[in-house]
Amino acid sequence: MVGLENELIIAQITDIHIGFDKHPDGIELNEKRFQASLSYLKNLPQAPDFLFLTGDITESGDADSYRKVIANLENAPFKIFPLIGNHDNREEFRKAFPSCPNAGEYVQYTVEKAGLRVIVLDTHEPGLHGGAFCKDRQKWLKLQLQSHPSCPTIIFMHHPPILSGIDWMDPVDDENWIRSFAEIIEGHNQILAINCGHLHRQLFTNFKGIPLLVSGSIAPALTLDFEKVDPEKPDGRNLVSEEPPMVTLHRWKDGVFTSHCQPIGEWQTLANYDTKLQPMMRVIFKEKNFN
């Protein structure tokens, strides 16, 4: 069933990287992982209202890869909101998602429902692996926050403005774009959360006192390794592991924003709600009635 009037379910999928391992006679691994994740979302007891694709939708930003993404999203029972990442291409992105709003040349827009405002930011800079947030994008965000100071707000952006500890993926501490972003959001207490992608690992932290979540990726995960990397000395370490794809489900209800991270796979059910477990359930709900 679809989300209720005062409830909003937002699914987040990130870093799909369609086109990384092309198979002319079959479906590539990342597309299979994407399909499995979409199937999970479509079969939830309560289907999401929205699906945000938080960047790196394709590996190389080519038209064929975007066509595959769109084909897989066909007939999705939820509204799709795409973001751009460093592996994407703005021109091909806009062709693939012609109804996606823009702020000038940047893929930035807002969505509002059930008393929650979502701000989508564009941190892509052609030729860079890391993020960027120029003066035009800064001005736009500042206006959005100033114009709705009392509306509960969450931010979606591809690049996380934090240090994860994964050396080769992290920005330089206090990069200019991160410092500018921090200055703009400072004092805006309506921001409930910042949700990102890019790192291919789920991560929970805070940025300037605001909860920040990095969603796990559809493409295989980066190996968790806090050791420094020397770009001049390949040391044979593992960089990517075939961990299961991840989706994140955000729930907004009665003024509370909650996020759940879900690995996708065929999991064995170890317990069902049947008559054997009914006594436990009765005890739990009896306790609730005492409060």
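Here our numbering is used: position 239 in the sequence shown is 1617, and no number is missing along the way.
Backbone N, C-alpha and C define an ideal beta-carbon position, used for all residues, glycine too.
Please read these numbers as outputs of a predicted model, since none were measured by experiment.
Can you check which of these residues, the options, is closest to residue i by C-alpha distance?
{"i": "F1582", "options": "G1463, C1639, S1558", "result": "C1639"}
{"i": "L1577", "options": "I1642, S1595, R1615, L1570", "result": "S1595"}
{"i": "K1457", "options": "F1428, A1449, H1465", "result": "F1428"}
{"i": "I1462", "options": "K1420, E1437, W1555, L1617", "result": "E1437"}
{"i": "G1633", "options": "L1570, N1453, I1448, E1620", "result": "L1570"}
{"i": "E1644", "options": "Q1568, A1414, F1475", "result": "A1414"}
{"i": "F1604", "options": "H1566, T1636, S1542", "result": "S1542"}
{"i": "G1439", "options": "L1422, A1474, N1450", "result": "A1474"}
Whose C-beta lies closer than 7 Å to the C-beta of residue i among residues of the same chain, with five residues either side of it excluded?
{"i": "Y1418", "result": "V1625, I1642"}
{"i": "M1547", "result": "L1577, L1600"}
{"i": "S1558", "result": "F1511, Q1516"}
{"i": "T1501", "result": "G1509, A1510, F1511, M1535, H1536, H1537"}
{"i": "D1466", "result": "G1433, D1434, I1435, T1436, G1439, H1502"}
In the DSSP assignment, what residue or residues form a beta bridge with residue i?
{"i": "P1460", "result": "L1431"}
{"i": "A1454", "result": "None, per the DSSP bridge assignment."}
{"i": "E1490", "result": "R1495"}
{"i": "I1387", "result": "R1629"}
{"i": "Q1640", "result": "V1625"}
{"i": "F1582", "result": "L1591"}
{"i": "C1529", "result": "DSSP, once it has assigned bridges, lists no residue as partnering C1529."}
{"i": "N1718", "result": "Here the chain comprises residues numbered 1379 to 1669, so residue 1718 is not present and cannot be evaluated."}
{"i": "F1635", "result": "W1630"}
Which word fits residue i, buried or exposed, when buried means at least 16 other C-beta atoms lie within 10 angstroms of its C-beta?
{"i": "T1653", "result": "exposed"}
{"i": "S1593", "result": "buried"}
{"i": "V1618", "result": "exposed"}
{"i": "S1443", "result": "buried"}
{"i": "L1431", "result": "buried"}
{"i": "P1623", "result": "buried"}
{"i": "K1670", "result": "What is shown of the chain runs 1379 to 1669, which leaves residue 1670 out entirely."}
{"i": "Y1651", "result": "exposed"}
Ignore the nearest five residues each way along the sequence and tell me which others in residue i's own chain have a CB closer than 8 Å to its CB.
{"i": "Q1522", "result": "T1488, I1497"}
Is residue i near the ligand SAH, judged by its Cβ being under 7 Å from some heavy atom?
{"i": "K1491", "result": "Annotation note on the ligand SAH: not contained in the displayed structure, which lists no ligands."}
If you drop the 5 nearest sequence neighbours on each side, which residues of the same chain put their C-beta closer than 6 Å to that of residue i?
{"i": "F1398", "result": "N1408, E1437"}
{"i": "F1635", "result": "L1570, A1571"}
{"i": "G1587", "result": "none"}
Three or more beta-carbon pairs under 8 Å between the stretch 1520–1540 and the stretch 1485–1499, yes or no? yes
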